[in-house]
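Only one structure is covered here, and it is reproduced in the block below.
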Amino acid sequence: MKNLNHGLVKRKKRGRLAIAGVALATLVIASCGGSSSSSTDTDSSARELIVARDMDINSLDPSRTYCDTCQIYMAATYETLIGLDVNDPSIQIPRIATTWEANADNTVFTFALNSDAKFSDGSSITSADVKWSWERLMNIKGSASYFLDGVSSLEAPDDATVVVTFAAPNSAFLAIVSSTYMSIVNSKVASEEGNAIAASGADTTDLAEQWFFTNSAGSGPYTLESYTEGDSLVLVRNENYWGTPAVFPKVTIKQVKDASAQLQLLQNGDADIAMQLSFDSISQLDGNASVVATPKDSYNYVYIALSPGAKGAENLKDPKVREAIKLAIDYDGMIDITVAGNGKKQASPIPNGFTGSADLALPAQDIEKAKALMAEAGKESGFSIDAIFPNANVYGVDFNVMMQKAQQDLKAINIELVLQPVEWAKWSETIKAQGIPITAVYFAPDHTDSSQYVQYFGMIEGSSWAKRAGGGAAGTPVSNPTEKDLLAKALAAGSDAKAGLYTQLGQELINDLVILPMVNPQLVIANASDIEGMHYSACCNLELGKLTLKK
Amino acid sequence: MSAPTSYWGLMFRFIFRRLVVMPFLLFGIVTISFAISRFIPSDPLISIVGERQLNNPVVVAAAKQRWGLDKSMFGQYSSYMGNLVKGDLGISFRTKTPVVGDLIDRLPATFELAFTAMFFGTVGGVLLGVLAASRRNKFADHVSRLFALVGSSLPVFWLGLVVLYVFYARLGLMPGPGRLPPRVDSPEHITGFYLFDAMLTGNFSLVWPILQRLLLPAFALGWGLMGIISRLVRSSMLDELQADYVRTARAKGLTERIVFLKHALRNALLPVLTVSGFSIASLLTGAVLTETIFSWNGVGSYAVAATRSLDYPAINGVCILGGMIFLISNLVTDVLYAYADPKIRLQ
Numbered sequence: 045m046k047n048l049n050h051g052l053v054k055r056k057k058r059g060r061l062a063i064a065g066v067a068l069a070t071l072v073i074a075s076c077g078g079s080s081s082s083s084t085d086t087d088s089s090a091r092e093l094i095v096a097r098d099m100d101i102n103s104l105d106p107s108r109t110y111c112d113t114c115q116i117y118m119a120a121t122y123e124t125l126i127g128l129d130v131n132d133p134s135i136q137i138p139r140i141a142t143t144w145e146a147n148a149d150n151t152v153f154t155f156a157l158n159s160d161a162k163f164s165d166g167s168s169i170t171s172a173d174v175k176w177s178w179e180r181l182m183n184i185k186g187s188a189s190y191f192l193d194g195v196s197s198l199e200a201p202d203d204a205t206v207v208v209t210f211a212a213p214n215s216a217f218l219a220i221v222s223s224t225y226m227s228i229v230n231s232k233v234a235s236e237e238g239n240a241i242a243a244s245g246a247d248t249t250d251l252a253e254q255w256f257f258t259n260s261a262g263s264g265p266y267t268l269e270s271y272t273e274g275d276s277l278v279l280v281r282n283e284n285y286w287g288t289p290a291v292f293p294k295v296t297i298k299q300v301k302d303a304s305a306q307l308q309l310l311q312n313g314d315a316d317i318a319m320q321l322s323f324d325s326i327s328q329l330d331g332n333a334s335v336v337a338t339p340k341d342s343y344n345y346v347y348i349a350l351s352p353g354a355k356g357a358e359n360l361k362d363p364k365v366r367e368a369i370k371l372a373i374d375y376d377g378m379i380d381i382t383v384a385g386n387g388k389k390q391a392s393p394i395p396n397g398f399t400g401s402a403d404l405a406l407p408a409q410d411i412e413k414a415k416a417l418m419a420e421a422g423k424e425s426g427f428s429i430d431a432i433f434p435n436a437n438v439y440g441v442d443f444n445v446m447m448q449k450a451q452q453d454l455k456a457i458n459i460e461l462v463l464q465p466v467e468w469a470k471w472s473e474t475i476k477a478q479g480i481p482i483t484a485v486y487f488a489p490d491h492t493d494s495s496q497y498v499q500y501f502g503m504i505e506g507s508s509w510a511k512r513a514g515g516g517a518a519g520t521p522v523s524n525p526t527e528k529d530l531l532a533k534a535l536a537a538g539s540d541a542k543a544g545l546y547t548q549l550g551q552e553l554i555n556d557l558v559i560l561p562m563v564n565p566q567l568v569i570a571n572a573s574d575i576e577g578m579h580y581s582a583c584c585n586l587e588l589g590k591l592t593l594k595k
Numbered sequence: 540m541s542a543p544t545s546y547w548g549l550m551f552r553f554i555f556r557r558l559v560v561m562p563f564l565l566f567g568i569v570t571i572s573f574a575i576s577r578f579i580p581s582d583p584l585i586s587i588v589g590e591r592q593l594n595n596p597v598v599v600a601a602a603k604q605r606w607g608l609d610k611s612m613f614g615q616y617s618s619y620m621g622n623l624v625k626g627d628l629g630i631s632f633r634t635k636t637p638v639v640g641d642l643i644d645r646l647p648a649t650f651e652l653a654f655t656a657m658f659f660g661t662v663g664g665v666l667l668g669v670l671a672a673s674r675r676n677k678f679a680d681h682v683s684r685l686f687a688l689v690g691s692s693l694p695v696f697w698l699g700l701v702v703l704y705v706f707y708a709r710l711g712l713m714p715g716p717g718r719l720p721p722r723v724d725s726p727e728h729i730t731g732f733y734l735f736d737a738m739l740t741g742n743f744s745l746v747w748p749i750l751q752r753l754l755l756p757a758f759a760l761g762w763g764l765m766g767i768i769s770r771l772v773r774s775s776m777l778d779e780l781q782a783d784y785v786r787t788a789r790a791k792g793l794t795e796r797i798v799f800l801k802h803a804l805r806n807a808l809l810p811v812l813t814v815s816g817f818s819i820a821s822l823l824t825g826a827v828l829t830e831t832i833f834s835w836n837g838v839g840s841y842a843v844a845a846t847r848s849l850d851y852p853a854i855n856g857v858c859i860l861g862g863m864i865f866l867i868s869n870l871v872t873d874v875l876y877a878y879a880d881p882k883i884r885l886q
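Residue numbers (my numbering), protein chains in the order written: chain A, 45 to 595; chain B, 540 to 886.
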């Protein structure tokens, strides 16, 4: 007994000591925990810039890149012949090229290169590098290779001149040239050190992609220091940059998938820029003087597609039914529910701000007219139809929420949408195999010319959505040969005539009643309040070299 | 040659047999995962060329040729198995780098997380179980059991989100997602275990930040195991405390502490050993979700991305790795169990 009591006393003492120890440990952890931020730099120009982003990098090989984050990377480490004014993307500015011109019918384009332009290794950029880079883009046959479709010759008559000839007029080419996917690569470094190949057959012989994961070979304000997939992309300032040097000596894009985690990093000072915050985060940043969050207009949009040629879509063959669907949607409510009002309606598949979008009527809900059209089509009692769509959240728009809203709206005209969210791989298989009656997708521009929208969405032969919708050719449920004629004219037209032609094309795309833009969402760009120059770029998403610090 | 009769002989034969069977089991795993990933009606091309170019015949044909998707199913299988026997798991569609390299790069992150979670789960579970057993039906017992219930019932991704929100976002007590502070470079690579690499390279200033960032995700991941083990220990302890030998020990005048810790607990730990061994697999699968929430660049998040993009080589690689880990951890558990309990027969 005595031993037990003694043991009990000792246990109690040890228990108290243990509790004290745990409390002390907690205090120690707490004092060291929380924001680990940043070294409080006294010299602000030495600060490393941290960008929190869910990276969607498919490659760092300039001829294979094709993603939003890739555009940011390419704009930082490489350069194009022509740039775009950050504030007005319709204004082209010299970059590697000082001047450029197109002949009268937009088949021959001549570029004069800046003799001061240099790669990061100090070597001059010559026309041979331009020819090599664009030939490689064509011959690798990656996703951006279509930019050079129709090229009949690519010449470098001297070190400072590049001449590109197309078989058919292509007024879009100068806009295409400003896309980051048309960046110029140091051909000597890439071929000697990376074994990169530009010649025909490169799609099967080139093995340089892995070299590009550890090396950049460009002329941009930054060079690649390291890339760790799923973790970070680190860039360091190009000390040989021939233009205005970047302010930040180092930029790290950190992989942070979750929007709320991005917000937390920004709020705690562990990130300087968060690129994919949700719209409700704007209000959470109110009153936080160290962070600025601004919604900015974008050229991205999400849309619903109606495919009358798909299996199970017989009811969509009648354009009156498709128009009824279009009129039944509550577009204002859609914007409220998906992006909390931070978006705009869009008239046609040509996005707001692009040539041909300005003078078109925005969609509006009209249930009575929709019902009348359904009655005229003999579908007053309605029908059920499959809506298979990617289970995705793109540019802040949750596709599940968007389709549930559409489902609710269409009940007013007795259409029952059978919603089936699926993974992208399943969506792709289904749309390829049998088409999908109603689906949802998104579009972000590859370059700043409106032709891409007609080529992709037009009901003309060869267009992706003509194939998917079961249209394009004569005799199919939807075809629009007028679009083909107008597009040919637009590609041959000078800049004065293009606006009118693309406006007509926009109206034709509306009349197709296949692509129904739902929301043109704004982008929430949030950054530390001492960073200046934040923007959304039509060609590049974000040009890191243009960011500065407040003095 | 007669069969071994010595203990170590039996042990050696037991281990040898299991190792011999392992490649056949892995072959089965690879074949099944290959078949499942190929036969589900989904198209990996979208993750290779992007949605925009799915209807571009030139781009699609080049992609199919590059990734061997233009071959027949049997042709793809033969190619894959032929490379596999040479140790080549192929190139990931998504990362464009060898799958072997991808897994080797990410394995330390996952192991670091899983073993730390296992440490929390096992040690924490034992301590909680002992506390609960020694304070049976008292306040400490109830709290301990509630804590265990929460951990073992709630999904790990929810636990992860909540602890991150509470301790990082609201209270600011713990650092945020990621293995390192955003503005800190990783230690020089030796093992890939940041903690060890920091210590081995003398970069001791990194040790505490790395440990801090390991605490929350490991706790969230290990909480479930802690719950299971604490209840197991409590239950086992209470059974052992009723045993005759405990009564004898007390009668001999041993202190309650010695009876508890040196006698009862020792016997109560045997089932803990089994559960801990088998928990490796569940910790690794739980790491899939935890890694996503805490931006932890391990095999789990790699597996999620591979599955979503139908990255065939990566999916097969993860299945092989998972199979190997499962088989080896079971073997180790069985060996340790046999070593700990002489009554276990190896024949």
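A virtual CB, placed ideally from N, CA and C, is assigned to each residue, including glycine.
Please tell me whether residue i and residue j are closer than 7 Å, where the distance is taken between their beta carbons.
| i | j | result |
| --- | --- | --- |
| A:Thr121 | A:Thr267 | yes |
| A:Ala534 | A:Tyr546 | yes |
| A:Asp453 | A:Asp374 | yes |
| A:Ile504 | A:Ala513 | no |
| A:Gly550 | A:Ile394 | yes |
| B:Gly763 | B:Ser691 | yes |
| A:Ala261 | A:Ala234 | yes |
| B:Met713 | B:Leu755 | yes |
| A:Ser227 | A:Ile169 | no |
| A:Met562 | A:Val346 | yes |
Using the Cβ count rule (16 or more neighbours within 10 Å means buried), how would you classify residue i?
| i | result |
| --- | --- |
| B:Phe563 | exposed |
| B:Val695 | buried |
| B:Ile819 | buried |
| A:Gln478 | exposed |
| B:Arg709 | exposed |
| A:Lys595 | exposed |
| A:Lys370 | buried |
| B:Asn622 | exposed |
| B:Met612 | exposed |
| A:Asn131 | exposed |
| B:Tyr546 | exposed |
| B:Thr634 | buried |
Might you give, ordered along the chain, the residues of its own chain that have their beta carbon closer than 8 Å to the beta carbon of residue i, omitting 5 neighbours on each side?
| i | result |
| --- | --- |
| A:Ala156 | Ala141, Thr142, Thr143, Trp144, Ala204 and Thr205 |
| A:Ile63 | Confidence at A:Ile63 is low in this model, with a pLDDT of 45, below 50, so the placement of that residue should be treated as unreliable; the coordinate-derived value is given next. Answer for A:Ile63: no residue qualifies. |
| A:Glu467 | Pro434 and Asn435 |
| A:Val335 | Leu310, Gln311, Leu329, Ala570, Asn571, Ala572 and Ser573 |
| B:Phe732 | Pro647, Phe650 and Glu651 |
Which residues in the same chain have their Cβ closer than 7 Å to the Cβ of residue i, if we skip the five residues on either side of it in sequence?
| i | result |
| --- | --- |
| A:Asn332 | Gln311 |
| A:Pro213 | Asp149, Asn150, Thr151, Leu535 and Ala536 |
| A:Ser187 | Tyr110 |
| B:Leu700 | Ile832 |
| A:Asp556 | Met503, Val522 and Asn524 |
| A:Tyr500 | Ser507, Ser508 and Trp509 |
Using a C-beta cutoff of 7 Å, does residue i count as contacting chain C?
| i | result |
| --- | --- |
| B:Gln592 | Within the model displayed, chain C is absent; protein chains A and B are what it includes. |
Tell me which residues share the same chain as residue i and place their Cβ nearer than 6 Å to its Cβ, disregarding the 5 neighbours each side in the sequence.
| i | result |
| --- | --- |
| A:Ala318 | Ala96, Gln306, Leu310 and Ala570 |
| B:Ala656 | Ala757, Leu760, Gly761 and Leu822 |
| B:Leu870 | Arg557 |
| A:Ile116 | Asn585 and Leu586 |
Can you determine whether any heavy atom of the ligand ADP sits closer than 6 Å to the C-beta of residue i, and answer yes or no?
| i | result |
| --- | --- |
| A:Val130 | No copy of the ligand ADP occurs in the structure displayed, which carries no ligand at all. |
Check your understanding: If contact means a Cβ-Cβ distance below 9 Å, which residues of the stretch 844-867 of chain B contact chain A?
Key -> Residues of the stretch 844-867 of chain B with a C-beta less than 9 Å from any C-beta of chain A: Ala844, Thr846, Arg847, Ser848 and Leu849, listed in chain order.
Review point. Enumerated in chain order, which unbroken segments of the alpha helix (DSSP H) with a length of 4 residues or greater are wholly contained in the stretch 569-604 of chain B?
Key: Entirely contained in the stretch 569-604 of chain B, the alpha helix (DSSP H) runs reaching 4 residues are, in chain order, 584-588.
**Study point:** 4 or more residues per run - each alpha helix (DSSP H) lying fully within the stretch 535-585 of chain A
**Key:** DSSP runs (the alpha helix (DSSP H)) wholly in the stretch 535-585 of chain A: 539-556.
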